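Here the sequence shown stands for residues 601 to 849, numbered as in this note's numbering.
Idealized CB from N, CA, C, for every residue including glycine.
Just so it is clear, the structure is predicted and the values come from calculations on it, not from any experiment.
Structure, as structure tokens:
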Amino acid sequence: MRWLAHGEHEVPAGTQWLSPREQAALAGIRFTKRHVEFLTRRFTAKRALATLLRREFSPAALAAIEIGNHPGGAPYVALDGRPAPIEVSISDRAGWAVCLVGPQGAAPAPIGIDLEIVEARSDAFVDDFFTAAEREFVRALPAGEARYEAANLVWSAKEAALKVLKVGLRADTREVEVAIDRRRRADGWAGLVVTARDGATFPGWWRRDGVFLLTVAGTVPAEPPSPLHGGGDLASAEPTHSWIGRPLV
Ligand SMILES: CC(C)(COP(=O)(O)OP(=O)(O)OC[C@H]1O[C@@H](n2cnc3c(N)ncnc32)[C@H](O)[C@@H]1OP(=O)(O)O)[C@@H](O)C(=O)NCCC(=O)NCCS
């Protein structure tokens, strides 16, 4: 697996780098926040795929790499107008987007990625959305930053696994349980496993870069994703909320 991050400040002006279908989807978005997020996610995914497939970064070349959505919201890739057997997952938070690209093959396995920032999470949040074991994991840590990191991390891993399942937050977040390994490797990644009620497991990885938390999950154990060349560095990235002054597009 490979991954890439980009900030919203890197997104090109105009819409020529979007496919006609993506331009139509963008035209239907009224809120600036969603507009900016859609563009940042698309730009990051297109750059990731262009890098991996050794394509150009020109607007026309990026427009030929389409990130569409299945009816349930899960993304798919089309190259030059044809569906491509490549799994991607995308996420954004606070002005930054990440894309995970799976190994190419005839029937690629689903993958999930989620980006969060370490922010305050209430006891009620932990009570409402987490399983008993997850609540115990969070509350065993000192109140404040350590607990907030754990709560956002568990939340993020749930979202990554629910993206693997292609259901997203339609599911009850307590239907999947996250187990976090806090031992980091030299490259910054540490392990996690998400287990569904039916026993299915989704092994993955997490890392903290600055205020950002990144989680990935898949259906089979794999090495942590390696970064694609040319992306932004989340460790020094500033979270931004540029839409606040202009809520409507
Ligand atoms: C998946 C989901 C949890 C992500 O929400 P989020 O944390 O706000 O957003 P993120 O930035 O982390 O991820 C957004 C991306 O998740 C992906 N996604 C959306 N639904 C997905 C699903 N069912 N399975 C896998 N990935 C999904 C999309 O690629 C989306 O980006 P895009 O719309 O630009 O293609 C949320 O979108 C969800 O629950 N979606 C399903 C239910 C829903 O409301 N669907 C409405 C659209 S049909």
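Since Arg620 is in the beta strand (DSSP E), which residue starts that stretch and which ends it?
According to the sequence provided, residue 620 is Pro. The question's Arg does not apply to it. Membership of Pro620 in any beta strand (DSSP E) is not indicated; the residue belongs instead to the alpha helix (DSSP H) covering Pro620 to Ala627.
Leu813 - partner residues in DSSP beta bridges:
Paired residue(s): Glu716 and Arg808.
Cross-strand partners of Phe631 (DSSP beta bridge)
Partner(s): Leu848.
For the alpha helix (DSSP H) that Val738 lies in, which residues bound it at each end?
It spans Ala732 to Arg739 - the alpha helix (DSSP H) in which Val738 sits, taken as one unbroken run.
Under 6 Å Cβ to Cβ from Arg853, same chain only, skipping five residues before and after it: list those, please.
This structure cannot speak to residue 853, because the chain is shown only from 601 to 849.
Cβ-based neighbour list, Ala548, same chain, cut-off 7 Å, excluding 5 preceding and 5 following:
Since the first residue of the chain shown is 601 and the last is 849, residue 548 is not available in this structure.
In terms of residue numbering, what span does the alpha helix (DSSP H) encompassing Asp728 cover?
Residue range Asp723 to Phe729 is occupied by the alpha helix (DSSP H) that includes Asp728.
Just to confirm the assignment, what range does the alpha helix (DSSP H) spanning Val776 have?
Counting along the chain, no alpha helix (DSSP H) covers Val776; the unbroken beta strand (DSSP E) around it starts and ends at Val776 to Ile780.
Compare the C-alpha of Val718 against each of Ala613, Ala750 and Asp728 and name the closest.
Nearest to Val718 by alpha-carbon distance, out of Ala613, Ala750 and Asp728, is Ala750.
Which two residues bound the contiguous alpha helix (DSSP H) that contains Leu753?
Unbroken alpha helix (DSSP H) run through Leu753: Glu745 to Val764.
Just the C-alpha distance for Ala835 and Arg747, rounded to the nearest angstrom, thanks.
Those two C-alpha atoms are separated by around 20 Å.
Taking the alpha helix (DSSP H) that Leu662 falls in, what are its first and last residues?
From DSSP, the alpha helix (DSSP H) with Leu662 extends over Pro659 to Ala663.
What whole-angstrom Cβ distance do Ile713 and Glu687 have, given they're in contact under 8 Å?
Between Glu687 and Ile713 the Cβ distance is about 11 Å, and since that is not below 8 Å, they are no contact.
For Phe812, verify whether its CB is less than 7 Å away from any heavy atom of ligand 1.
Every heavy atom of ligand 1 is 7 Å or more from the Cβ of Phe812, so no.
Consult DSSP for Val820 and reduce its assignment to one of helix, strand or coil.
Val820 falls in the coil class under three-state DSSP.
Backbone secondary structure at Val793 - three-state DSSP
In the three-state scheme derived from DSSP, where H, G and I count as helix and E and B as strand, Val793 is classed as strand.
Under the rule that 16 or more other beta-carbon atoms within 10 Å means buried, what is Ile844, buried or exposed?
When all chains shown are included, Ile844 counts as exposed.
Who are the near neighbours of Val636 in its chain, counting only those whose CB is closer than 7 Å to its CB and skipping five residues on each side?
Excluding positions up to five away in sequence, the list reads Glu608, Ser842 and Trp843.
So within the region 636 to 693, which uninterrupted beta strand (DSSP E) runs reach at least 3 residues, ignoring any that extend past its ends?
Runs of the beta strand (DSSP E) lying entirely within the region 636 to 693, each at least 3 residues long, are 665 to 669, 675 to 679 and 688 to 693 in chain order.
So, for Ile629: in the same chain, excluding its five sequence neighbours on each side, which residues have a beta-carbon less than 8 Å away from its beta-carbon?
The beta carbon of Ile629 is closer than 8 Å to those of His635, Phe638 and Val849 in its chain, skipping five residues each way along the sequence.
So for Gly768, helix, strand or coil by DSSP?
Here Gly768 sits in helix by DSSP.
Suppose contacts are defined by Cβ-Cβ distances below 8 Å. Is Met601 in contact with Val816 by that definition?
In contact: Met601 and Val816 (Cβ atoms closer than 8 Å).
If I measure Cβ to Cβ from Leu762 and keep anything under 6 Å in the same chain, skipping five residues before and after, which residues do I get?
Taken in chain order, the residues that qualify are Gly768 and Ala771.
Counted within 10 angstroms of its Cβ, other Cβ atoms place Pro675 as buried (16 or more) or exposed:
Answer is buried; the Cβ neighbour count reaches 16.
Excluding five sequence neighbours on each side, which residues of the same chain lie with their C-beta closer than 7 Å to the C-beta of Gly673?
Here the set comprises Gly768.
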